[in-house]
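Presented below is the structure to which this report refers.
In our numbering, the protein residues as written are 217 to 502.
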């Protein structure tokens, strides 16, 4: 989510929605009586025929609908402003918001809690893909603000006389699924966990991603709840933030050694750069 504009006096907040968690967050702060302005479409009678016309309207919110893990938020209400030629004022309408849309939200007063929720959602968040694996079953999920999204859940070919071949095939199948979801959701790290050694076999087949392993009692939904209560989630987040900081520091040192003029240090020099609006990244080392 990007906060494009906020005018506290007028109660106006303009947002750009980047993912489905943004839609969910917006739905939690919209209340009856709020006003929203967004682009929508509506069937409009033109002579003897009807055409669906794209337009920007203002709506007083009556209620909202959002189904978890979808990319559409429906805002129902009464039109208070629209192009006059379509005579829509006072009529009921539903705005369908999707990922990639902009919206203007107008409240008489923004509560501290609502603003905190919006700005927290606008912060860069780490994403983790979780895969629980065992010799006979697996489950892949991604934790989101709105809950845990189950991406895949299945049983595996049972072990037979050719156990090694079956294990190899099963590990390859899971690794391919993990890689597919990794490319789709672009998480910062992957956790592969399970009750036995199969997790290490799967991990060995994953390349080009940060992978952590842990043990859980089963590769099921109950095992998923178990791993999400573990410290490993916090560990992954900490490791990611630390490695991100190290990369920023290495970039700064490289620029300093090349004398590119892109890096400055010392309180006075940084203060001057800040006054000029020339600070992109600020590193503070304790």
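Built from N, CA and C at the ideal position, the CB exists for glycine as well. Every value quoted in this text rests on a predicted model; they were computed, and no experiment measured them.
When we look at the beta-carbon of residue i and count the other beta-carbons within 10 Å, is it buried (16 or more) or exposed?
| i | result |
| --- | --- |
| residue 357 | buried |
| residue 337 | buried |
| residue 304 | buried |
| residue 335 | exposed |
| residue 280 | buried |
| residue 189 | The requested residue 189 is not part of the displayed model; the chain covers only 217 to 502. |
| residue 293 | buried |
| residue 397 | buried |
| residue 258 | buried |
| residue 233 | buried |
| residue 241 | buried |
| residue 492 | exposed |
| residue 494 | exposed |
| residue 298 | buried |
Excluding the 5 residues flanking residue i on each side, which residues of the same chain have their C-beta closer than 8 Å to its C-beta?
| i | result |
| --- | --- |
| residue 351 | 372, 375, 383, 386, 412 and 414 |
| residue 436 | 348, 353 and 355 |
| residue 400 | none |
Shortest alpha-carbon distance to residue i belongs to which of the options?
| i | options | result |
| --- | --- | --- |
| residue 416 | 405, 429, 251 and 406 | 429 |
| residue 301 | 261, 359 and 309 | 261 |
| residue 499 | 464, 323 and 490 | 464 |
| residue 231 | 252, 495 and 501 | 252 |
| residue 273 | 284, 296 and 330 | 296 |
| residue 441 | 494, 365 and 476 | 365 |
| residue 307 | 322, 328 and 278 | 278 |
Less than 8 Å between the CB atoms is what I'm expecting for residue i and residue j, so what's the real figure, rounded?
| i | j | result |
| --- | --- | --- |
| residue 409 | residue 320 | So it is not a contact: roughly 43 Å between Cβ atoms. |
| residue 180 | residue 427 | Shown here, the chain extends from 217 to 502; a query on residue 180 therefore has no answer. |
| residue 227 | residue 324 | 6 Å |
| residue 250 | residue 343 | About 29 Å separates the two Cβ atoms, so there is no contact after all. |
So that I know if they touch, is there some Cβ in chain C lying closer than 7 Å to that of residue i?
| i | result |
| --- | --- |
| residue 333 | Within the model displayed, chain C is absent; a lone protein chain is all it includes. |
My output table needs one value for residue i: the three-state DSSP class, helix, strand or coil.
| i | result |
| --- | --- |
| residue 331 | helix |
| residue 241 | helix |
| residue 392 | helix |
| residue 282 | strand |
| residue 382 | helix |
| residue 409 | strand |
| residue 435 | coil |
| residue 419 | helix |
| residue 224 | coil |
| residue 298 | coil |
| residue 342 | coil |
| residue 473 | helix |
| residue 481 | coil |
| residue 500 | coil |
| residue 325 | coil |
| residue 277 | strand |
CB-CB under 6 Å to residue i, same chain, minus the five flanking residues each way: which ones, in chain order?
| i | result |
| --- | --- |
| residue 314 | 287 and 288 |
| residue 270 | 257 |
| residue 222 | 229 |
Cutting at 7 Å between CB atoms, please list the residues of its own chain near residue i, excluding the five before and the five after it.
| i | result |
| --- | --- |
| residue 238 | 217 and 337 |
| residue 330 | 245 |
| residue 236 | 285, 286, 287 and 315 |
| residue 393 | 356 and 368 |
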